[in-house]
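Chemist: One structure, pasted below without further comment.
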Amino acid sequence: MPTSSSARATPTAEAGCNPRQQHTNYALKLEGLLKRWHKIVLGLLAIGIAGAAFGAWYLSTRDAREPSFVAWHVNCATCHGADLRGTALAASLIDAPLKHGDSVEEMMAVIAGDAVEAHKADWQGELSPQLTKALALYISEHRQKFPKTSASYTMTPPGDRSIRSQHHDFRLERVTELVSRPYSIAPMPDGRLLVAEKIRGLSIIDASGQQGSVVTGTPETWEPLLTVQGNWLNLGIVLDVELHPNYAENGWVYLSHTEHCFTGCGWVVPGTMARVIRGRIQRGQWVDEEEIWSVHKDHYTPVPDGVAAGRLAFDKEGHLFVIVGGKNTYDKLHDLNTPYGKVHRVNDDGTVPEDNPFWLPAEARPEGSTIHTVWSYGHRTGQGLDAHPITGAIWNTEMGPRGGDEINHIQRGKNYGWPLHTNGLDYSGEEVSIGRELGLDFALEDTVLPVVDFTPAPAISNFTFHQGNAFPNWGDDLLVGSLKAATLYRVRIKDAVLVEQEKLVTDFGRIRDVAMGADGLVYIAIEHNENGSIWRLVPINSLTAVRPERKKEAVRPECLRSNCVEG
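Take the sequence shown: its position 48, counted from the start at 1, is 48 in this note's numbering, and no numbers get skipped.
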């Protein structure tokens, strides 16, 4: 007997065939899932807000919590003043000679009470050697008028001006304003300038100072993830630009940048790594691109690009040198299979010379190893790289922590010591101990000591060797930029010894690059606020009479990377 229509239309609940019931169950499950995700999102939001609040507090109070600042205000400010300019109880420590000398070493002796006729105080015995040094650095930084790092980003160049210096007087002239912050410049044989702006790319400045449009077809760049007290935190920028030594014949332009990696790099967030390419510029376009130096994707990291370095230099044999900063944990700087904290050497076409100090054939290397391109290692953050115009020897400038900025002669297969040996202090005011904590163990004698030490640290940047006839009495002196100190230094080195040092330009701006133009003039790229500008040094011919040379006492080798600090 057939069933009724009503029976056919009412399946049992156990059978689970009621569409309305199915929809209700699905809605309830979806509602529960959404509630759980809502709680998760709210929790993550709360964590994010708390983290941001803590970060804002930490950054805004960092200077007030810095150990040397605290020690100064607790122990010294009552007599010498909070601003170091003195009170009725004691003299100013600014803009006046110091009785016992103004090197960091001499000030440490006074602070510790060890100097002859030094003031004695009850608190002197309570200071650790590290805090004693931190106080000496604090005083020296103020005496040299180093601005805070955050303030250096907002410095505005005061305009064209004439400057008297030891060997030559010159005029500082603005060439052009830039659209964005620069990283490097490359003067061209015809008088134009190539400029690499971090997030904008390559452009050309003509002889009249007009900046052209961006060269199309260069690697993609990305806006800053975050700006912290003026400092951009980037992942994906243009770094150095360098012309081939035979550029006039072959037109090759070399460019380093940090390449983005979104997946397959071993991180849950995007990573970047320095990479070098070359190409030609034709009618405003980047063409004929070739990869010159790159690494396995396993070496890409989310560490911001400010420590990527990426500086380029050619020696007289046409080898290309590339310096890569500590874009990973510092133990990797001494693992020769990784690219970090090293100077690398390749041929101009990207092939690898078999006379590199650690060269191995591909079948003998671990997958992804860069040991075959390593030239030197143990570097922190190499901000500058250049070849001596006569000898072709490679030199670099390198940032230390608080103190210990360096000028180094880069030698084949050598260890430059970071982070086990440094003349600087940790930003906490303590000894830099991370090298021991990472298990690194090698003697100071097994490292190459810096030829020049800058302590306190001006945040040294790129440099060039002077050459040409516009400033003949500068010879082959180094012209060295700085970021925090906003100062251009002239450094004379003879037989690997510092013999003369002078501040050519001060109170200027964050100097990113220094280069010699085809006209023999010195060109400088600086960053300020959200953009930058290009300047040049032009000799004042009527004022170029040579003044008597003032020799700087040579730095004793035993003072480098030790507690015997050269100011």
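Cβ coordinates follow ideal geometry from the N, Cα and C atoms, glycine included.
Among the residues of its own chain, which have a CB less than 6 angstroms from the CB of N469, if the five just before and after it don't count?
Modeler: Here the set comprises G520.
Chemist: So the candidates are D190, G517, I394; which of them puts its Cα closest to the Cα of Q467?
Modeler: Nearest of D190, G517, I394 to Q467, Cα basis: G517.
Chemist: Counting along the chain, where does the beta strand (DSSP E) carrying H344 start and finish?
Modeler: Element bounds for H344: 342-346.
Chemist: Quick check on D446: buried or exposed, where buried means 16 or more other Cβ atoms within 10 Å of its Cβ?
Modeler: Exposed, by the Cβ-count rule.
Chemist: Below 6 angstroms, is the gap between the Cβ of R412 and the nearest heavy atom of the ligand PLP?
Modeler: For the ligand PLP, the structure offers nothing, since it holds no ligand at all.
Chemist: Should N462 and G384 be called a contact, given that it needs their Cβ atoms to be closer than 7 angstroms?
Modeler: Yes, these two residues count as a Cβ contact at 7 angstroms.
Chemist: Residues in the same chain with beta-carbon distance under 6 angstroms from G368, minus the five sequence neighbours each way, listed in chain order, please.
Modeler: Only H296, D298 meet the Cβ criterion.
Chemist: In or out: I40 buried (at least 16 other Cβ within 10 Å) or exposed?
Modeler: By the 10 Å Cβ count, I40 comes out exposed.
Chemist: Taking the alpha carbon of G230 as the reference point, which residue from A109, H167, E527, I199 has its own alpha carbon closest?
Modeler: Ranking the options by Cα distance to G230, first place goes to E527.
Chemist: Of the residues T381, D477, Y183, which one's Cα is nearest the Cα of I390?
Modeler: The candidate whose alpha carbon is nearest that of I390 is D477.
Chemist: Please report the straight-line C-alpha distance between Y330 and V448, rounded to a whole angstrom.
Modeler: Near 18 angstroms, if we compare the C-alpha coordinates of V448 and Y330.
Chemist: Along the chain, where does the beta strand (DSSP E) that runs through V538 open and close?
Modeler: 531-539 is the extent of the beta strand (DSSP E) around V538.
Chemist: Three or more beta-carbon pairs under 8 angstroms between the segment 406-414 and the segment 426-433, yes or no?
Modeler: Contact between the segment 406-414 and the segment 426-433 is absent, because fewer than three Cβ pairs lie under 8 angstroms.
Chemist: What alpha helix (DSSP H) runs, 4 residues minimum, are completely inside the segment 226-310?
Modeler: Listed in chain order, the complete alpha helix (DSSP H) runs (minimum 4 residues) inside the segment 226-310 are 247-250.
Chemist: Since G271 and T301 should fall inside the 8 angstroms C-beta cutoff, what is the C-beta to C-beta distance between them, to a whole number of angstroms?
Modeler: The pair is a contact, with the Cβ atoms about 5 angstroms apart (cut-off 8 angstroms).
Chemist: Helix, strand or coil: which one does DSSP assign to H528?
Modeler: DSSP places H528 in strand when its eight states are reduced to three.
Chemist: Pull the bridge partners of R412 from the DSSP assignment, please.
Modeler: In the DSSP output, where bridge partners are listed per residue, R412 has none listed.
Chemist: Helix, strand or coil for F69 per DSSP?
Modeler: Helix, per DSSP.
Chemist: In the DSSP assignment, the beta strand (DSSP E) including L479 goes from what residue to what residue?
Modeler: Unbroken beta strand (DSSP E) run through L479: 478-482.
Chemist: To the nearest angstrom, how far is it from the Cα of A515 to the Cα of C76?
Modeler: Their Cα atoms are separated by approximately 43 angstroms.
Chemist: Evaluate the contact criterion for the segment 89-102 versus the segment 149-169: three or more CB pairs, one atom per stretch, below 8 angstroms.
Modeler: In short, these stretches do not touch, since the Cβ pair count stays below three.
Chemist: What three-state label does DSSP hand S140 in the structure shown?
Modeler: If DSSP states are grouped into helix, strand and coil, S140 belongs with the helices.
Chemist: What are the start and end residues of the alpha helix (DSSP H) that includes E197?
Modeler: No alpha helix (DSSP H) holds E197; the beta strand (DSSP E) holding it covers 193-197.
Chemist: Relative to the C-alpha of V322, which candidate in R275, V287, D288 has its C-alpha closest?
Modeler: The candidate whose alpha carbon is nearest that of V322 is R275.
Chemist: Less than 7 angstroms separating the beta-carbons of H168 and F471?
Modeler: For H168 and F471, yes; Cβs fall inside 7 angstroms.
Chemist: Would you list the one or two residues that DSSP bridges to M107?
Modeler: DSSP lists no partner for M107.
Chemist: If you draw a straight line from the alpha carbon of M188 to that of E177, how long is it in whole angstroms?
Modeler: Cα to Cα, the separation comes out at about 19 angstroms.
Chemist: Can you give the beta carbon distance from R492 to L504, rounded, assuming they're within the 8 angstroms contact cut?
Modeler: With a Cβ gap of about 12 angstroms, R492 and L504 do not count as contacting.
Chemist: For L235, which of P219, L320, P539, H244 has the nearest alpha-carbon?
Modeler: With distances taken between Cα atoms, L235 lies closest to P219.
Chemist: Determine the direct distance from the alpha carbon of D315 to that of T381, and round the result to whole angstroms.
Modeler: So the two alpha carbons sit approximately 21 angstroms from each other.
Chemist: Looking at C-alpha atoms only, which residue of I204, R174, P245, N408 is the closest neighbour of R192?
Modeler: If we check each option's Cα against that of R192, I204 comes out closest.
Chemist: At which residues does the alpha helix (DSSP H) containing T149 begin and terminate?
Modeler: First-last of the alpha helix (DSSP H) with T149: 149-152.
Chemist: Could you round the C-beta distance between S535 and V175 to whole angstroms and report it? I think they count as a contact, below 8 angstroms.
Modeler: Note that residue 535 is Trp in the sequence shown, not Ser. Indeed they touch by this definition, with Cβ atoms about 6 angstroms apart.
Chemist: Under 7 angstroms, do Q285 and T221 count as touching if we go by C-beta distance?
Modeler: No. Outside cutoff.
Chemist: Who are E173's beta bridge partners in DSSP?
Modeler: Answer by DSSP bridge pairing, in chain order: R536.
Chemist: For T397, which beta-bridge partners are listed by DSSP?
Modeler: Its beta-bridge partners are G384, I407.
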